[in-house]
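I have placed the structure first, in the form of structure tokens, so that the comments after it can refer back to it.
Protein chains: 4
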Amino acid sequence: MAGSTFGNNISITTWGESHGKALGVVIDGFPAGMKLTEEDIQIYLDRRKPGQSKFTTARQEGDKVSILSGVFNDVTTGTPISLMVENTDQHSKDYGNIATAFRPGHGDYGYIEKYGFRDYRGGGRSSGRETIGRVAAGAVCAKLLQELGVTVCAYTKSIGDIKIYDFDLSERDNNPLCMPDPTAAKKAEEYLEACMLNHDSAGGIVECLISGVPAGVGDPVFEKLDAKLAGALTSIGAVKGVEIGDGFVASKTVGSINNDKFKMENGSVVKLTNHSGGILGGISDGDDIIARCAIKPTPSIAQAQKTVNEAHEDINIEIHGRHDPVIVPRAVVVVEAMCAITVCDAMLSHMTDRIDFIKEFYKK
Amino acid sequence: MAGSTFGNNISITTWGESHGKALGVVIDGFPAGMKLTEEDIQIYLDRRKPGQSKFTTARQEGDKVSILSGVFNDVTTGTPISLMVENTDQHSKDYGNIATAFRPGHGDYGYIEKYGFRDYRGGGRSSGRETIGRVAAGAVCAKLLQELGVTVCAYTKSIGDIKIYDFDLSERDNNPLCMPDPTAAKKAEEYLEACMLNHDSAGGIVECLISGVPAGVGDPVFEKLDAKLAGALTSIGAVKGVEIGDGFVASKTVGSINNDKFKMENGSVVKLTNHSGGILGGISDGDDIIARCAIKPTPSIAQAQKTVNEAHEDINIEIHGRHDPVIVPRAVVVVEAMCAITVCDAMLSHMTDRIDFIKEFYKK
Amino acid sequence: MAGSTFGNNISITTWGESHGKALGVVIDGFPAGMKLTEEDIQIYLDRRKPGQSKFTTARQEGDKVSILSGVFNDVTTGTPISLMVENTDQHSKDYGNIATAFRPGHGDYGYIEKYGFRDYRGGGRSSGRETIGRVAAGAVCAKLLQELGVTVCAYTKSIGDIKIYDFDLSERDNNPLCMPDPTAAKKAEEYLEACMLNHDSAGGIVECLISGVPAGVGDPVFEKLDAKLAGALTSIGAVKGVEIGDGFVASKTVGSINNDKFKMENGSVVKLTNHSGGILGGISDGDDIIARCAIKPTPSIAQAQKTVNEAHEDINIEIHGRHDPVIVPRAVVVVEAMCAITVCDAMLSHMTDRIDFIKEFYKK
Amino acid sequence: MAGSTFGNNISITTWGESHGKALGVVIDGFPAGMKLTEEDIQIYLDRRKPGQSKFTTARQEGDKVSILSGVFNDVTTGTPISLMVENTDQHSKDYGNIATAFRPGHGDYGYIEKYGFRDYRGGGRSSGRETIGRVAAGAVCAKLLQELGVTVCAYTKSIGDIKIYDFDLSERDNNPLCMPDPTAAKKAEEYLEACMLNHDSAGGIVECLISGVPAGVGDPVFEKLDAKLAGALTSIGAVKGVEIGDGFVASKTVGSINNDKFKMENGSVVKLTNHSGGILGGISDGDDIIARCAIKPTPSIAQAQKTVNEAHEDINIEIHGRHDPVIVPRAVVVVEAMCAITVCDAMLSHMTDRIDFIKEFYKK
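Heads up: the protein sequence lines correspond to chains C, V, F and L, in order. 0 is the number of the first residue of the first sequence in numbering that gives the first Met the number 0; add one for each residue after it. 0 is the number of the first residue of the second sequence in numbering that gives the first Met the number 0; add one for each residue after it. 0 is the number of the first residue of the third sequence in numbering that gives the first Met the number 0; add one for each residue after it. 0 is the number of the first residue of the fourth sequence in numbering that gives the first Met the number 0; add one for each residue after it.
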């Protein structure tokens, strides 16, 4: 089954490996008539770029995006938008035993069993560079959402055990960890430095806040808005868990607390609390949508680790090279992208939900 | 967008509302040649049936399944398997203000905004009865998996704050809460009784263990096996979070611990630990697959709650009637079903992953 | 691959065999708020019912439809509409060597190779009764189209060599062959009687006229409106060819003739001719859409035919029993149904084609 | 709805406009382990290249393909194969009133109504250059088919009224019209020269012969192998009709003739005739598969034509420039490509049709 396509009305297909000629995405079904320039997309790609602090790899990935199709005179035409980033840093090198080892925490073993062989250069398709296509497509969808009054904003919620405490979104871009709390960011930096000294790595949690989605978006069964978000977020490499609203905490509370009460406020239906995270029964309830995902520690570490190679021999492996000690900060924009694509797609779906919508459209 | 279909090679389409004439599922793409009787499916449906203890509603739902198509002489034909359960308990009644109120914790408000009106009888499509189709299809897929040496087994991991401690799977069916630990089950029963006295409800966690999936099943990007599982599980009503393997705990640990080391054992590649929960890079690693989901407290409670009605008036509501004080035990078989369908579908996909597989099939 | 589902926004899944318990269809994604009763659907099903003339089998198939879900108080709810027709005429009988023979002109041999065995009772899934689900779904979509000012009307264009000449649509229902030309109908009846005397069968052409679709519906590449129609029509059993507009005749003409010239008329863009059949570049051009399909002679004939059986022996076979000498008249409503579903789906798609449509919908 | 993706197991997504930076295709789900070089693809692209005779436009389109991903050391990796052809001939020019006119026979009017505006440069997405992606993907699928013993071969069946008579496939590449009959080719050339003198254009028929597909490939309902072929072929620009086997002729014959009789020959089931065109009931019957499509005359002609522009004014238009007087010869390889993709996809599907296939694969 072809698994590189995501979405229904707007559907994205990503392609490319870490060390191939290029990576990219085709966005199909995107509506015509929206202003779009490479700069709109570059801003998002720059946020996932490495080499921006000591906590991200020193690789210099230019990651300049080109719009190859689907845009004419800076306006989307309704036909597939093809976006490409060339790999400038794809020099061949000696991968040593990494080329044949099953790196612990990586998908190498599964890849070999699935495909019979693998592109070992930089992880091939399983590389974090695969997210370039997602982020580029996310930028385009985020722009459409913006025109509809919807904002999508992700940030680091925790790194290791260190959680944000005094939430101040304006601080997110003032530290290399994308934490909207400078005090927590400071502690997290210290924690990461300790990890790096041990040749070890850390994980964390990314949270995403989606504001402005009206009630009524989503679907009651398999295409529940939260199910789509959960699938979208878990499809990001290294994500091991997803929550909507109170998430696992909801499993420990009682109904009388967890149920958000509705009330009228200035002529609108609002909720007194938002334990639901903006989604009830798979459909948006008009409140902020809150999704959260757990990201495991970077599997590539310089410590010696026992493992097995393709010849099925027990070996030791040390993974040197340019690896982020924590994936979380660079995953923030990827989470944002996947949420933007998912919500955008669902909002388009909603337009055909009712006969009266359709008759109004066709003026009948 | 049509959202009642799930799966690629094997694809299920569920239909039906709480108080319609019937509910059911069409399983399309199911391979020909498997023995299948109504009894195979009934066993699973009986596990989700209410009225089996004081913790499940006293409704008498016969829930007898009929195979309407796709099976000839007790063998699947390869054509769509249509399964139906008639609603025998669909007597009309006075729904009072529930018919027009936005019940807190329910999807009513979103439904109204999405569809313009709603079938208020028993929750309509958002009823737990919608899972009948999932469970019936899950039974069929579980049978196929069994023939491939794969078992799928879910159980209650926790209710409220009470977790299982001494894991003993053989105990799962000895208590009404499906907890594989009799001591924990006892405590959980006491906790639930207290909830019921308060006219309140509880949540919990269901875990699913999938054994026997060989390495190499899954996909590297949007159709990652864990992404499909996360989407499948979050599509179950009341699920607010999903974890694979260590899940959120992985976000707090370090790479040197979280990375499962590989070694050779009796000529096979095995892992020393299973933090990954059997999936790495979206592809099975040969170990047990472990998925977990958080289920919120039953939203229907008899306590008075503030809310709003369709006329946009602030009102009070008390939801009396037959409601489970906890959804968790009845969700166990639903979780099992969604995992079985997901894994079954992925195992079929794997068959076309390689040229050598294809050439072997076509004997070229 | 599951192949019993058709359509994107509105998606239908048919199920059922000739001699199973029942046949049916699930219509998913159908918009909420449309009046719908069983009578609306029954009218279409009655048109495909056999036993209505000497040219259709004498079987008495009641074919009474039940709406099992998706409709509340005679209004569609937006959730899956499940429609079922019970098989009342499913008595077991001795199929003789038909049970194991590869009937010429039938799919038996392919079925055996594909599935390993087959449900030989009445053709199983390959029976014409499979179209019940299509027709039922077509009735529902035709009703929606009607509300949008679109009509879909099919009729018999030819039987054998006898074509309609004086087109008069009001005559279609005045003869058993659905020919909108009483003179041609008379000749065709005579031709069919001659075929029947020879224990032989005939084919013909069905044409469908779709009026009222505005320009701009369809898609430029794989989901071209004509490509969808061609796929939809060829998916009807016994169809061997499809044409849009002038079809094969267009291959023999020249550009200066085949190009329909545009002109302004009463403030509207119109075409002077309609060689295109209402579709240019995959997108509707505002003119009547014209599709046509060739239907082969009924393969079941009472003449002795050479063939092979499952034991790979050369045998002779005579297929007695209740078989239409021509499929065409009963296919008319099936063609209408598939066109209605296809156009309905495409019209919903069009609603999300442009940013200005979306912003208008979300009032931004 | 996103409509630039085709196929299930192997799924292709094409992108690009006539005068954008580049055009291409992403082939997702293609199995791992097949040798593949740019040369394999270039051979196919060169066959659709213009400028090869007086009957194709004199444009010099280099159309050099690059493999951007999915191939490592000349072997497919199982991940998306991204193929790109840069547009070297995209100089801006003055399109005059073509930029705003609705060219007769073209999709311009529908595009404007659908998208609100259009990329008028060379037809944008509706250009014949859109087929580059199809042909490139077709080359890849044809190579896979070849490894399975399946060949796909298309040729010109007729141009205008001139049909091939003495079929000799070895002659196909000896004339610029791809006609496997030199005498017919000669007459067709004379006919085309006459058309060109009149500033007019011609159409024709392309036929495709697919050999080596075993019986049992395809599906009984909406994914019938012929339905997929019909949809695939009609999705090619300018195709107005499709036939399988005898096609429209079958509508005029009788069952006793049209039914292909089976017999045993050297231990195999064979047919005495092939009126079915290799497909019965949607499933291959082991014989050669024969598909045919009607292609309309090139709509761009230099004759003055009446039409309307975007300002809704009646105007006259003459379309000068580099246009093929007949599309047919260049469509041959496109037809071959679409057939190869369709059959390849269906053959992969067949692998999961039966429990015994699956158990054999998983050695259970």
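Think of the CB as a built atom: it goes at the ideal place given N, C-alpha and C, for glycine as much as any other residue.
Which of the three DSSP states is assigned to residue i in this structure?
i, result
"serine 17 of chain F", "coil"
"leucine 176 of chain V", "coil"
"leucine 144 of chain F", "helix"
"asparagine 72 of chain V", "coil"
"aspartate 27 of chain C", "strand"
"valine 220 of chain C", "coil"
"glutamine 304 of chain F", "strand"
"phenylalanine 261 of chain V", "strand"
"phenylalanine 5 of chain C", "strand"
For residue i versus residue j, is the C-beta spacing smaller than 8 Å?
i, j, result
"arginine 124 of chain L", "proline 219 of chain F", "yes"
"arginine 102 of chain F", "valine 333 of chain F", "no"
"tyrosine 119 of chain C", "alanine 98 of chain C", "yes"
"isoleucine 326 of chain L", "serine 250 of chain F", "no"
"proline 298 of chain F", "glycine 104 of chain F", "yes"
"alanine 214 of chain V", "glutamate 38 of chain C", "no"
"glycine 277 of chain L", "glycine 246 of chain L", "no"
"valine 253 of chain V", "proline 296 of chain C", "yes"
"glycine 23 of chain C", "aspartate 355 of chain F", "no"
"glycine 61 of chain L", "threonine 87 of chain L", "yes"
"tyrosine 154 of chain C", "leucine 168 of chain C", "yes"
"leucine 271 of chain C", "lysine 20 of chain L", "no"
Among the candidates the options, whose CA atom is the shortest distance from the CA of residue i?
i, options, result
"methionine 337 of chain F", "F/Ala1, F/Gly2, F/Gly6", "F/Gly6"
"isoleucine 404 of chain V", "V/Arg128, V/Asn8, V/Val268", "Outside the displayed range of chain V (0 to 363) lies residue 404 of chain V, so it cannot be described from this structure."
"glutamate 170 of chain L", "L/Pro179, L/Lys162, L/Ile163", "L/Pro179"
"glycine 203 of chain V", "V/Gly28, V/Lys92, V/Asp287, V/Val331", "V/Val331"
"asparagine 265 of chain L", "F/Glu312, F/Asp165, F/Cys152, F/Gly127", "F/Glu312"
Which bits of chain C does residue i rub up against, with CB to CB less than 9 Å?
i, result
"cysteine 194 of chain V", "Val253, Gly254"
"glutamine 41 of chain V", "Going along chain C, no residue has its Cβ under 9 Å from glutamine 41 of chain V, so there is no contact; the nearest lies around 23 Å."
Any C-beta of chain B sitting closer than 8 Å to the C-beta of residue i?
i, result
"threonine 76 of chain F", "The structure shown contains no chain B; its protein chains are C, V, F and L."
Give the interface partners of residue i over in chain V, defined as CB-CB distance under 8 Å, in chain order.
i, result
"lysine 358 of chain L", "Glu146, Leu147"
"phenylalanine 101 of chain C", "Phe261, Val268"
Using the beta-carbon of each residue, which ones in chain C are nearer than 8 Å to residue i?
i, result
"isoleucine 354 of chain F", "Pro30, Ala31, Gly32, Met33, Thr75, Leu143, Glu146"
"serine 210 of chain V", "Within chain C, no residue comes near serine 210 of chain V; the closest Cβ sits about 17 Å away, beyond 8 Å."
Strictly below 7 Å CB to CB, what residues from chain F border residue i?
i, result
"lysine 92 of chain L", "Simply none; closest approach about 22 Å."
In chain V, which residues lie less than 7 Å from residue i when you measure between Cβ atoms?
i, result
"threonine 351 of chain L", "Asn8, Pro30, Leu347, Met350"
"alanine 214 of chain C", "Tyr108, Gly109, Glu112"
"histidine 311 of chain C", "Met263, Val268"
Taking C-beta pairs closer than 7 Å, name the residues in chain L that residue i reaches, listed in chain order.
i, result
"alanine 229 of chain F", "Ala229, Gly230, Thr233, Val241"
"phenylalanine 54 of chain F", "Per Cβ cutoff of 7 Å: no residues; phenylalanine 54 of chain F is ~14 Å from chain L at best."
For residue i, go through chain L and note every residue whose CB falls closer than 8 Å to its CB, in chain order.
i, result
"proline 219 of chain V", "Thr78"
Using the beta-carbon of each residue, which ones in chain L are nearer than 9 Å to residue i?
i, result
"tyrosine 190 of chain V", "What tyrosine 190 of chain V touches in chain L: nothing, since even the nearest Cβ is about 43 Å away."
Show which residues of chain C have a CB atom less than 7 Å away from the CB atom of residue i.
i, result
"aspartate 225 of chain L", "Residues of chain C passing the Cβ test: none, with the nearest at roughly 23 Å."
Mind pulling the chain F residues with CB within less than 8 Å of residue i?
i, result
"tyrosine 361 of chain C", "Leu147, Gly148, Pro213, Met346"
What residues in the region 258 to 280 of chain C bring their beta carbon closer than 7 Å to a beta carbon of chain V?
Asn258, Asp259, Lys260, Phe261, Lys262, Met263, Val268, Leu279, Gly280
According to a CB-to-CB cut-off of less than 8 Å, which residues of the region 15 to 29 of chain F neighbour chain V?
Gly15, Glu16, Gly19, Lys20, Ala21, Leu22, Gly23, Val25, Asp27, Gly28
Output needed in chain order: residues of the region 119 to 132 of chain F with a Cβ under 7 Å from some Cβ in chain L.
Arg124, Ser125, Glu129
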